[in-house]
Amino acid sequence: MKFLFNTGRTAAQGIGLDRKAGAEYARATSRCMMNPVDMMDLDVEAGDHLQVRGPAGEVVLSVVPAEGTPRGMVFVPLGPYANHILGGETHGTGMPDFKTMTVEIEPTLREVPTVADLMDEIGGAAYSPEETS
Amino acid sequence: MIHTDMVCPFCGCLCDDIVVETEGNAVVRVDNACTLGTHKLMNASMDRLKGPIMRDGAGWRDATYDEAIEYAAGVLLDADRPLLYGWSSTQGEAQGLGVSMAELLGGVIDSTTSVCHGPSILAIQEVGHPGCTLGQVKNRADLIIYWGCNPTEAHPRHMSRYTTYADGFFLQNSFRERKLIVVDVRKTETASIADEFVQITPGGDYAVFSALRAIVRGRGDVVPPTVAGVTKEQLEKIAEMCKSAKFGAFFFGVGLTMAPGRYKNIRNAIELVDELNRYTKFTLTPLRGHYNVYGSNEVFTWMTGYPYAVDFSRQIAFYNPGETTAVDILARKECDACLIVASDPGAHFPRKCLEHLTSIPTVLIDPARTVTTPLCRCQIPTAVTGIDASGTAYRMDGVPIHVKTFLDLGYPTDTEVIGRIFEKVQEVRHP
Ligand code: SF4
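Just so you know, the protein sequences line up as chains A and B, in that order.
Reading the first sequence from the start, the letters are residues 12 to 144 in our numbering.
Reading the second sequence from the start, the letters are residues 109 to 539 in our numbering.
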């Protein structure tokens with residue numbers, strides 16, 4: 012099913028900002044808030060996983076019911092998960108389509124990746140403090 | 109030890125009434141801050157990198173400050189088109205050095221503005237900024253509008269310090285006298301406490317502003333029965349609430365700047381405020397995210413004439429958002445080295461940009477491990493302004509505030525590290 016992909020701040024995402032390596036931040040930014048009626052249409056329940064495909068690729072998120080989100084839209088806290096599927100187009104303004112991306116969503120049994128997995132996929136090298144010193 | 113009147117270095121509210129209690133180098137208690145500020149201050153000394161780290165094949169190794177600074181200066185000097193990005197969670201003093209260094213390198217300097225309120229600035233450059241200080245709003249405003257923003261979660265004390273829940277000198281009973289209008293595409297927590305919640309269909313902001321302007325002008329007859337999901341009846345009600353207010357304060361967030369129409373939405377909002385000023389006093393303020401993102405715009409503007417996305421490759425300052433903005437430069441794979449200061453593009457930039465960051469020498473100056481760390485070749489940890497470094501930051505209404513320190517963890521400040529890189533750049537470019 013196609014959805015309008017909206018991103019923005021949440022308090023949990025903000026709390027995690029200074030400890031982005033932590034599991035709390037990963038949990039806070041890999042949530043996909045969706046209207047419960049849309050969840051019925053997709054046949055998913057709270058906590059189930061969704062595969063979300065956007066212009067730059069796909070990512071697995073976990074679904075959270077949210078009455079306030081209108082049908083046809085999903086809201087994902089801003090962060091590495093949301094941006095993993097976002098294209099680089101800015102329409103001559105410098106601002107990418109953080110709130111206006113169209114995505115294709117379907118249920119999946121795959122796991123939600125870690126932030127390190129996402130960065131690995133991009134070509135990064137994870138750093139863990141034990142590694143040095 | 110109890111430190112009073114500290115400034116919270118998290119969001120653009122820059123609350124300056126924070127009380128922090130420390131025992132040695134540990135923060136044991138934080139009073140007055142919201143959950144976001146409390147978390148940042150309580151975790152002040154946690155998760156920091158102990159010293160610089162550098163990529164070593166597929167892994168990492170420790171490095172000294174001297175070595176990391178030498179490396180950073182080297183990659184910037186070797187580059188044809190270096191990008192110096194970030195600058196929103198650091199001191200004004202460091203921002204100024206960044207601009208001087210970008211000029212000497214012939215590089216591009218951009219702040220996180222380009223992915224938050226860049227469009228607001230473009231609109232302000234077109235039609236002006238009917239702004240005021242937050243103190244004016246607190247003491248005078250009897251009507252508050254939050255449009256495309258959710259201060260309850262992003263600026264949690266905005267309402268208690270400056271708007272809905274704040275006492276106002278010129279208001280008898282501010283909580284009762286103040287009306288709150290929230291406009292958004294979804295029902296947020298802020299929307300649930302509004303006197304009037306206006307839910308518009310995504311992308312409909314421009315049309316709603318135009319309809320409101322027509323109604324305020326007395327040309328409601330041209331407005332159709334619904335505009336972007338909002339009934340004409342509700343639009344007329346809001347227009348009347350605005351016109352009859354003694355002092356209205358309009359705040360907006362990235363819900364407007366990122367929506368279709370981008371800066372044209374803000375232009376239309378400013379023109380609505382302009383229209384309302386024929387009837388009453390009305391002001392407009394962007395809700396700025398990072399505590400010193402406004403400072404980056406101020407510092408860049410004093411020094412170059414432009415607020416962000418300044419390109420020095422022509423040996424004069426050149427500015428063209430959409431071309432000289434960080435996301436565009438990275439997506440076009442244009443820069444060949446990148447210095448990132450006090451921001452986390454790894455978490456906030458589109459994937460295409462990050463892929464390019466990993467393929468060029470990227471140096472990160474940031475106190476802690478972030479999502480950008482794996483994408484870099486070198487990271488230099490520094491002190492956090494407002495915790496173990498002091499400096500200047502600009503509140504979202506443009507008021508500069510001295511941000512104080514309450515810990516000494518022995519890290520150099522951003523200004524010191526950038527100053528040392530700049531010295532090395534000067535040795536080569538200005539021997
Ligand atoms: S509202 Fe902003 S500045 Fe104030 S305490 Fe919360 S995070 Fe800090």
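C-beta: ideal position from N, C-alpha, C; glycine also.
All values reported here derive from a predicted model rather than from experimental measurement.
Inter-stretch contact at 8 Å, needing at least 3 Cβ pairs: the region 111-121 of chain A / the region 89-99 of chain A: They touch, by the three-pair rule.
Residue 109(A) at chain B interface by Cβ criterion, 8 Å: At least one CB atom of chain B sits nearer than 8 Å to the CB of residue 109(A).
Helix, strand or coil at residue 144(A) [DSSP, three-state]: Any reading at residue 144(A) must be qualified, since the residue scores a pLDDT of 41, below 50, and its modelled position is unreliable; the value itself is stated next. Three-state DSSP puts residue 144(A) in coil, outside helix and strand.
Cβ-heavy atom distance, residue 163(B) to the ligand SF4, below 7 Å: The beta carbon of residue 163(B) sits no closer than 7 Å to any heavy atom of the ligand SF4.
Inter-residue CB distance, residue 152(B) and residue 483(B) (contact presumed, cutoff 8 Å): About 25 Å; that fails the 8 Å criterion.
Contact test: residue 395(B) Cβ vs the ligand SF4 heavy atom, cutoff 7 Å: Because no heavy atom of the ligand SF4 lies under 7 Å away, the Cβ of residue 395(B) does not count as near it: no.
Supposed close pair residue 194(B), residue 448(B) - CB separation, criterion 8 Å: At roughly 5 Å, the Cβ-Cβ gap stays under 8 Å, so residue 194(B) and residue 448(B) are in contact.
Near-chain A residues of the region 344-364 of chain B - C-beta to any C-beta below 9 Å: Listed in sequence order: 361, 362 and 363.
Expected contact under 8 Å - CB spacing of residue 371(B) and residue 506(B) to nearest Å: In this structure residue 371(B) does not touch residue 506(B) by the C-beta definition: roughly 19 Å separates them, more than the 8 Å allowed.
Among 113(B), 110(B) and 124(B), the one whose alpha carbon lies nearest that of residue 399(B): Put simply, of 113(B), 110(B) and 124(B) the residue whose alpha carbon is nearest the alpha carbon of residue 399(B) is 124(B).
Neighbouring residues, chain B, relative to residue 80(A) (Cβ below 7 Å): Going along chain B in sequence order, the residues near residue 80(A) (Cβ under 7 Å) are 294.
Contact set between residue 125(B) and chain A, taken where Cβ atoms lie within less than 7 Å: Neighbours of residue 125(B) on chain A: none; closest Cβ ~20 Å, over 7 Å.
Residue 128(B) beta carbon near the ligand SAH (any heavy atom closer than 7 Å): The model on display carries the ligand SF4 but not the ligand SAH.
Simplified DSSP assignment, three categories, for residue 177(A): Outside the modelled stretch of chain A, which goes from 12 to 144, sits residue 177(A), for which no answer is possible.
heavy atom of the ligand SF4 below 7 Å from residue 398(B) C-beta: Checking every heavy atom of the ligand SF4 against the Cβ of residue 398(B), none is found closer than 7 Å.
Any non-hydrogen atom of the ligand SF4 within 7 Å of residue 514(B) CB: Taken from the Cβ of residue 514(B), every heavy atom of the ligand SF4 lies 7 Å or farther away.
Distance CB(residue 488(B))-CB(residue 525(B)) smaller than 8 Å: Contact: yes.
Alpha-carbon to alpha-carbon, residue 228(B) and residue 429(B): Between residue 429(B) and residue 228(B), the alpha-carbon positions lie close to 12 Å from each other.
8 Å contact criterion, which residue 191(B) and residue 417(B) should meet: CB distance rounded: Residue 191(B) to residue 417(B), Cβ: 10 Å. No contact.
Alpha carbon of residue 292(B) to alpha carbon of residue 139(A), nearest angstrom: In this structure, the alpha-carbon of residue 292(B) lies about 40 Å from that of residue 139(A).
Same chain, Cβ closer than 8 Å to residue 608(B), neighbours up to 5 away in sequence not counted: Here chain B covers residues 109 to 539 and nothing more, so residue 608(B) does not appear.
Any non-hydrogen atom of the ligand SF4 closer than 7 Å to residue 359(B) Cβ: In this structure, residue 359(B) has its beta carbon at no less than 7 Å from each heavy atom of the ligand SF4.
Residue interval of the beta strand (DSSP E) (run including residue 192(B)): 190-194 is the extent of the beta strand (DSSP E) around residue 192(B).
Cβ of residue 430(B) within 8 Å of any chain A Cβ: With its beta carbon less than 8 Å from one in chain A, residue 430(B) belongs to the interface.
Residue 219(B) - DSSP class collapsed to helix/strand/coil: Note: residue 219(B) maps to strand in three-state DSSP.
Cα-Cα separation, residue 412(B) to residue 468(B): Each residue's CA atom was taken as its position, placing residue 412(B) and residue 468(B) some 27 Å apart.
Residue span of the beta strand (DSSP E) that contains residue 266(B), given as start and end: Premise fails: residue 266(B) lies in the alpha helix (DSSP H), 266-269, not in any beta strand (DSSP E).
Alpha-carbon spacing of residue 144(A) relative to residue 134(B), whole angstroms: Only weak support is given to the placement of residue 144(A): the predicted model assigns it a pLDDT of 41, under 50, and the value that follows is read from those uncertain coordinates. The straight-line gap separating the alpha-carbon atoms of residue 144(A) and residue 134(B) is approximately 23 Å.
Contact set for residue 69(A): own chain, Cβ-Cβ below 7 Å, skip 5 residues either direction: Exclusion of the five residues before and after residue 69(A) leaves 62, 63 and 96 as the residues of its chain whose Cβ lies within less than 7 Å of its Cβ.
Contact set between the region 193-206 of chain B and chain A, restricted to residues whose Cβ is under 7 Å from the partner: Closer than 7 Å at the C-beta level to chain A, one finds no residue of the region 193-206 of chain B.
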